[in-house]
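> Counting in our numbering, the sequence shown runs from 132 upward without gaps.
Here it is, the structure in full.
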Amino acid sequence: MSKHLERDLDDLQKDIMGLASLVEQAFSLSIIALRDRNPDIARDVIQGDVQIDMEENQINEDCLKILALHQPVAGDLRRCTAAMMIITDLERMGDLAEEISERAIQLCAPPFFPIPEGLQRMVDMTTIMVRQSLDAFVNLDVKQALMVVRMDDEVDRYNNQIIQEIIKLMTESTSNIQHGLSMFSAVRHIERIADHATNIAEDVIYLVEGEIVRHRVQELEG
132 MSKHLERDLD
142 DLQKDIMGLA
152 SLVEQAFSLS
162 IIALRDRNPD
172 IARDVIQGDV
182 QIDMEENQIN
192 EDCLKILALH
202 QPVAGDLRRC
212 TAAMMIITDL
222 ERMGDLAEEI
232 SERAIQLCAP
242 PFFPIPEGLQ
252 RMVDMTTIMV
262 RQSLDAFVNL
272 DVKQALMVVR
282 MDDEVDRYNN
292 QIIQEIIKLM
302 TESTSNIQHG
312 LSMFSAVRHI
322 ERIADHATNI
332 AEDVIYLVEG
342 EIVRHRVQEL
352 EG
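In structure tokens:
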């Protein structure tokens, strides 16, 4: 690898982690807005998504420049292609945080709709998945990436339990229907963020192992 290519790839990783930091913050703030019914925080997240989109576009352009200028092969090529897949997932996480914030604003209006039991545990696990998938990327750690993939099933279980609770509240009173739908949507967006963290973990496995493993990680675990 040439020194110029090595420098560009290192800069690329730093930029990805900068984007990841913005996305993690957006997700955290969107949950605060949802939990506390805080429209100001929700609007901050919505406005901040523009910056996330701009960063994603810039990193994507940088990846294309590296491919054109250096024509990397083997592991270096995988670093570029994995980077492009990862930033796509990060950008979608940012969009989902924006969507959660929009649902939070809707839930600010009366009547009050309770936070479902188990939601915070689902959020905590999703947050861990996002952080560990990014740590696995930085450290090229396949074992940590596989841990993230396994955690997705637990998030799915929380999601199913919470959805059933929301449906129960909606059937108990027609006044709960509109806000119940907003909460239902927010919970689904959280579950989708966990799915994108899983995608990043699988991209790490591709980066290290050289093989695309989405949807068949169980084979590697065996």
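No residue lacks a Cβ here, since even glycine has one placed at the ideal position from N, Cα and C.
From which residue to which residue does the alpha helix (DSSP H) around N169 run?
From DSSP, N169 is part of no alpha helix (DSSP H); its letter is neither H nor E.
> Which residue comes first and which comes last in the alpha helix (DSSP H) that contains Q295?
Start and end: V273 to E303.
> Please state whether the Cβ-Cβ distance between Q275 and A214 is less than 9 Å.
It is not a contact, given that the beta carbons lie outside the stated cut-off.
> What's the gap between the Cα of K145 and the Cα of L165?
If I take the Cα positions, the gap works out to 30 Å.
> Go ahead and pull the three-state DSSP assignment for E342.
E342 falls in the coil class under three-state DSSP.
> Going straight from the alpha carbon of A235 to that of R168, what length do you get?
Those two C-alpha atoms are separated by around 6 Å.
> Within its chain, find whatever has a CB closer than 8 Å to the CB of N307; leave out the 5 residues flanking it on each side and keep chain order.
Same-chain partners within the cutoff: P242, F244, L300 and M301.
> So M279 packs on T329, CB below 8 Å; how close in whole Å?
Before going on, a small fix: residue 279 reads as Val here, not Met. Contact holds; Cβ gap of about 6 Å.
> For the region 249-274, which segments carrying the alpha helix (DSSP H) assignment without a break, of at least 4 residues, lie completely within its bounds, in sequence order?
Within the region 249-274, the complete alpha helix (DSSP H) runs of at least 4 residues are 250-270.
> So, with DSSP's three-state summary, where would you put Q309?
Q309 falls in the helix class under three-state DSSP.
> Output yes if chain D places a C-beta closer than 9 Å to the C-beta of R174; else output no.
In the structure shown, chain D does not exist; there is a single protein chain.
> Are A228 and V154 close, meaning C-beta to C-beta below 9 Å?
Yes, they are a contact pair.
> Do you know whose CA, among A199, A325 and S304, lies nearest D283's CA?
For D283, the nearest C-alpha among the options comes from A325.
> Could I get the ranges of all uninterrupted alpha helix (DSSP H) runs contained in the region 196-254, with 4 residues as the minimum, in chain order?
With a minimum length of 4 residues, the continuous alpha helix (DSSP H) runs that stay inside the region 196-254 are 205-238.
> Let's test the definition: count the other Cβ atoms within 10 Å of the Cβ of E233 and tell me whether it reaches 16, buried, or not, exposed.
Per the 10 Å Cβ criterion, buried.
> Going by Cα to Cα distance, which pick from P203, C194 and M224 is closest to S161?
The candidate whose alpha carbon is nearest that of S161 is M224.
> Taking 9 Å as the cut-off, decide whether the C-beta atoms of S304 and L238 are in contact.
Not in contact: S304 and L238 (Cβ atoms no closer than 9 Å).
> Buried or exposed, going by whether 16 or more other CB atoms sit within 10 Å of the CB of D139?
Buried, because 16 or more other Cβ atoms sit within 10 Å of the Cβ of D139.
> Which same chain residues end up closer than 8 Å to S159 when comparing Cβ atoms and leaving out the 5 residues on each side of it in sequence?
So the qualifying residues of the chain are T258.
> Just to confirm my understanding: we take V149, look at its own chain, exclude 5 residues before and 5 after, and list those with CB closer than 6 Å. What are they?
Before going on, a small fix: residue 149 reads as Gly here, not Val. Correct list: empty, nothing qualifies.
> How many whole angstroms separate the CB atoms of V273 and I336, which I take to be in contact at a CB cut-off of 8 Å?
At roughly 6 Å, the Cβ-Cβ gap stays under 8 Å, so V273 and I336 are in contact.
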